[in-house]
Amino acid sequence: MRAAGALRARLVLRAAAAGLLTASLFGCANTAAPAGEVAGGGLNVAAKTNPRDPWEGWNRAIFAFNEGLDDLVLRPVATVYRDVVPQFMRTGVSNVFNNFADAWGAVNSLLQGKPEAAVTDVMRFAVNSSFGILGLLDIATEAGMEPSREDFGQTLGRWGLGAGPYLVLPLLGPSSLRDTAALPADVYASPTAVVDGETAEWGLRTLNIVNRRANLLGATKVLDDIALDKYSFVRDAYLARRRSLVYDGDPPALPEDDTGEPAGATMR
Amino acid sequence: MLLKRILTVLGLSAAVLAAPALRAQGAPDEFIRTVSGEVIDAVKADKAIQAGDTKRINALVDEKVMPHVNFQRMTSSAVGRFWRQATPEQQKRLQDEFKVLLVRTYSGALTQVKDHKVQLRPLRAKPEDTEVVVRTEVRGGGEPIQLDYRLEKADGGWKIYDVNVLGVWLVEQYRSSFAQEIGAKGIDGLIASLAEKNKSAAASKS
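Going line by line, the protein sequences match chains A and B.
For what it's worth, our numbering labels the leading residue of the first sequence as 41, then goes sequentially.
For what it's worth, our numbering labels the leading residue of the second sequence as 33, then goes sequentially.
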């Protein structure tokens, strides 16, 4: 019990420290981007530099790498996993990881000044960890306790830090400068924090990735059918979704410039 | 949590108070509830749709959904400032191809409908508003899915002109990739890309 308390205290401290650090490092990131510099005037001018994606060349290369890896390894493995492992076990795996996300979500809700959500998350964690057999069952949701699923990237966003440039990470996929900076804190607060040894940690990480990929098998099939350019489709969806999450599903309208297109620099 | 509940109740009662005035034209959130209820019921009652019968799905969409969508507005705002530079013929083709693309996406989602329910979230709109956002959550199986609609009041009642899935507005989502295509290949290039996408997706499905 005391260990858990100490862990939580350490998490909070770490999160706060990381927050200050990233705020000072990247505080300029969202102010530096020029306002509304999407494509010039006429038809012939291509939207060459998207203000939200200044590192597009690099990002596209990593995206292609990730896609290749997905084709070769991740998707086949996830498909086999989905076909071999029964649904209830896969749900159990998702639940255990989500249970940790609830504990970490409680910390982040608190950091975002949302005590009600934090209390709900703590209760979810308590109920699912005990009656839900260490998080295997998600009893809390059935009891009407909704998860808030806050992560540290959202906390930084809530604190006013813009998303900064879009960034594609090897293996991990779409991110932003802000969310990447928040990543160490999120990883630190995952189930890997409570197991001993490298092998167990990597085992858990692999399981998490494969399980998540399996859950997304349907979605990525749809993606191939509806995106004209998969790279920019994923990018725009990621940025919009993250912005929505920062504002708990209800973001303020983006200011539109005279061309009727959202200005890039105000993206959160 | 308590606060949330109080707020919800407040929101609900506000909606109830506002209801009589709204009901004259039909309240926008009731309109969404009716339309989505009809679609879900139709899917549940139809084994062919659940099995992914494209013809039946398209028929359902054409009958139950499309009459309530302002598709011209949807396409023109996705195309953005280039819309005015397009000829009427180009505008029509853009609209047709975009529609095929979206209906296909929507059809895919429809086959997944099982024990889903649409729950309205409190409406924040004044009775005299002619453009409103109706926020809903789709529940059943896993986490609730955020599904919001932008509605405009037209002569014949409410019409949908944008949809938000999980925090992503459809029109905004397509706006930048459309601009990218038009920038590189012009309006005809965008039409060609859409047509090609539709053709290859149709081929991979059958």
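All C-beta atoms in this analysis are idealised placements derived from N, C-alpha and C, irrespective of residue type, glycine included.
None of the values given here were measured: they were computed from a predicted structure.
A Cβ of chain A is located within less than 8 Å of the beta carbon of T137 of chain B. Within chain A, no residue has its beta carbon less than 9 Å from that of L155 of chain B; the closest one is some 13 Å off. DSSP places L179 of chain B outside any alpha helix (DSSP H); the residue lies instead in the beta strand (DSSP E), whose first and last residues are 177-186. The three-state secondary structure of K79 of chain B, taken from DSSP, is helix. Restricted to the region 86-147 of chain A, the alpha helix (DSSP H) segments that are unbroken, complete and at least 4 residues in length are 96-109, 115-124, listed in chain order. Annotation for D161 of chain A: the continuous alpha helix (DSSP H) segment containing it runs 155-170. Using a Cβ distance threshold of 8 Å, W201 of chain B and F63 of chain B do not count as a contacting pair. The C-beta distance from Y206 of chain A to S216 of chain A rounds to 6 Å, short enough to meet the 8 Å contact threshold. Contact with chain A is found for A233 of chain B, since one of that chain's Cβ atoms lies less than 8 Å from the residue's Cβ. For V274 of chain A, the enclosing alpha helix (DSSP H) has its first and last residue at 270-286. For V227 of chain A, the enclosing alpha helix (DSSP H) starts and ends at 217-228. Taking the CA atoms as reference points, T131 of chain A sits about 16 Å from P176 of chain B.
Counting only Cβ-Cβ distances below 7 Å, K158 of chain B has no contacts in chain A at all, with the closest Cβ about 17 Å away.
V203 of chain B is positioned such that its CB atom lies closer than 8 Å to that of S109 of chain B. Note that the C-beta distance between D265 of chain A and R136 of chain B is below 8 Å. Contact of E213 of chain B with chain A by beta-carbon distance below 9 Å involves L268, D269. Judged by DSSP in its simplified three-state form, T143 of chain B adopts coil rather than helix or strand. Beta-carbon to beta-carbon, L257 of chain A and R164 of chain A are separated by about 27 Å, too far to satisfy the 8 Å threshold. Interface flag for R281 of chain A against chain B is set, since a Cβ pair is found closer than 8 Å. P214 of chain A is positioned such that its CB atom lies no closer than 8 Å to that of V286 of chain A. Annotation for R88 of chain B: the continuous alpha helix (DSSP H) segment containing it runs 86-92.
Under a criterion of Cβ atoms nearer than 8 Å, the residues of chain A adjacent to S209 of chain B are, in order, A267, L268, D269, S272, F273, D276. In the displayed model, R153 of chain B falls within coil according to three-state DSSP, outside both helix and strand.
A straight line joining the alpha-carbon of E228 of chain B with that of W242 of chain A spans about 42 Å. Here the C-alpha atom of Y278 of chain A lies approximately 18 Å from the C-alpha atom of S188 of chain A. Against chain A, a Cβ distance below 7 Å from S225 of chain B picks out L268. When Cβ-Cβ separations below 8 Å define contact, G145 of chain A makes no contact with chain B. A residue is called buried when at least 16 other Cβ atoms come within 10 angstroms of its Cβ; V93 of chain B meets this threshold and is buried. By the Cβ test, the region 97-107 of chain B is not in contact with the region 157-164 of chain B, since fewer than three Cβ pairs between them sit closer than 8 Å. Here F171 of chain A is exposed. Its C-beta has fewer than 16 other C-beta atoms within 10 Å. Taking C-beta atoms under 8 Å as the contact rule, T220 of chain A and N148 of chain A fail to qualify, at a distance of about 17 Å.
Not a single C-beta of chain A is nearer than 8 Å to the C-beta of Q122 of chain B. Looking from the CA of E95 of chain B, the closest CA among B:E70, B:E121, B:Q82, B:R113 belongs to B:E70. Pairwise C-beta distances place the region 91-110 of chain A out of contact with the region 144-161 of chain A, as fewer than three of them are shorter than 8 Å. Under the three-state reduction of DSSP, E169 of chain B is assigned to strand.
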